[in-house]
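Per the working numbering, residue 4 is the first one in the sequence shown, and the count goes up by one each step.
Have a look at the structure below before the remarks.
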Amino acid sequence: MATVDVRAETGVDTALRADLLACWTDVSNAGGAVGFVPPVTPDDVAPALERLVEGVASGRDVLCVLTVDGVLAGFAVLVGSSSPLRRHWATVLRVQVHPSRQGTGLGRALMEGVHRIAVGRGWEFLTLSARGGTGVDGFYRGLGYTEFGRLPGAVRVAPGDDRDEILLIRRLQAPVPEQPRALVDPGS
Ligand SMILES: CC(C)(COP(=O)(O)OP(=O)(O)OC[C@H]1O[C@@H](n2cnc3c(N)ncnc32)[C@H](O)[C@@H]1OP(=O)(O)O)[C@@H](O)C(=O)NCCC(=O)NCCS
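Structure follows, in structure tokens:
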């Protein structure tokens with residue numbers, strides 16, 4: 004049975020960078036809504052990956068890497084806020100599973116890992132956006148996200164093909180406050 008894992012990466016070495024770039028390029032060329040419109044080459048995607056890596060290296064963001072039997076199968080990034088008033092919020096970006104592995108439950112596994120990592124970092128709310136007309140918002144709704152608005156026509160996929168950006172939010176499990184210890188045995 005395959006071992007599926009989602010781990011938080013705080014640094015990106017050369018090998019991981021190459022895997023991320025290959026995945027992001029393949030996902031984009033398969034029509035995935037992760038910042039590009041196909042066709043793209045690795046050179047097109049590389050600057051966006053560089054920005055992602057910089058955010059992670061700064062300590063503000065967390066890269067969540069999905070592996071199956073140790074091989075990269077997808078990733079997402081948790082982007083924190085630099086505002087001290089918004090330390091409890093993060094944005095999830097670039098959610099993707101390699102096209103060869105989509106539709107087998109790995110997207111759900113990735114997002115469950117993202118949620119676990121976010122809770123561990125103290126984030127209480129996650130926001131993300133989905134490209135209208137792709138149906139992918141249904142994936143997030145199934146994971147407990149609710150729509151809180153839309154930016155009408157904000158994504159210009161092609162001239163004459165403007166899509167809404169659907170804004171979604173999910174509250175993560177709030178930490179359970181420590182119960183005060185009973186001084187008197189309630190059974191006595
Ligand atoms: C979106 C994505 C991450 C989902 O991963 P996946 O491995 O294909 O999804 P899963 O197999 O884990 O599906 C989990 C559930 O979501 C549903 N789902 C998956 N993709 C969906 C979609 N596009 N629309 C509606 N529901 C979807 C599945 O039917 C499944 O439902 P179930 O639990 O009731 O059976 C993946 O398809 C992907 O990488 N797409 C390209 C990149 C992209 O567009 N990312 C979104 C950026 S906003």
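Where is the CB? At the ideal position from N, CA and C, for every residue including glycine.
Nearest-angstrom Cβ-Cβ length linking residue i and residue j, presumed shorter than 8 Å
| i | j | result |
| --- | --- | --- |
| phenylalanine 2 | histidine 91 | The requested residue 2 does not occur in the structure, where the chain is confined to residues 4 to 191. |
| leucine 109 | glycine 138 | With a Cβ gap of about 18 Å, leucine 109 and glycine 138 do not count as contacting. |
| valine 9 | valine 117 | 7 Å |
| glycine 147 | arginine 173 | 5 Å |
| valine 15 | valine 56 | 5 Å |
| alanine 79 | leucine 113 | 6 Å |
| serine 85 | arginine 63 | 7 Å |
| valine 122 | glutamine 176 | 6 Å |
Burial state of residue i, where buried means 16 or more other Cβ atoms lie within 10 Å
| i | result |
| --- | --- |
| arginine 159 | exposed |
| valine 74 | exposed |
| serine 132 | buried |
| aspartate 164 | exposed |
| arginine 111 | exposed |
| alanine 49 | exposed |
| arginine 124 | exposed |
| alanine 18 | exposed |
Ligand 1 heavy atom lying under 7 Å from the CB of residue i
| i | result |
| --- | --- |
| glycine 83 | no |
| glutamine 99 | yes |
| alanine 157 | no |
| alanine 21 | no |
| glycine 116 | no |
| alanine 133 | yes |
| alanine 161 | no |
| glycine 125 | no |
| valine 43 | no |
| glycine 152 | no |
| alanine 36 | yes |
| valine 30 | yes |
Neighbourhood of residue i by C-beta, 7 Å cutoff - its chain only, sequence neighbours within 5 removed
| i | result |
| --- | --- |
| alanine 33 | Pro102 |
| serine 31 | Val37, Phe39, Pro41, Val43 and Val48 |
Cut-off 8 Å between Cβ atoms - residues of its own chain near residue i, not counting five sequence neighbours on either side
| i | result |
| --- | --- |
| leucine 171 | Thr130, Leu131, Ser132, Ala133, Asp140, Tyr143, Arg144, Tyr148, Thr149, Glu150 and Phe151 |
| glycine 35 | Gln99 and Pro102 |
Beta-carbon contacts of residue i that lie in its chain and below 6 Å, excluding the five residues immediately before and after
| i | result |
| --- | --- |
| leucine 154 | Glu168 |
| aspartate 22 | Leu75 |
| threonine 13 | none |
| arginine 104 | Ala76 |
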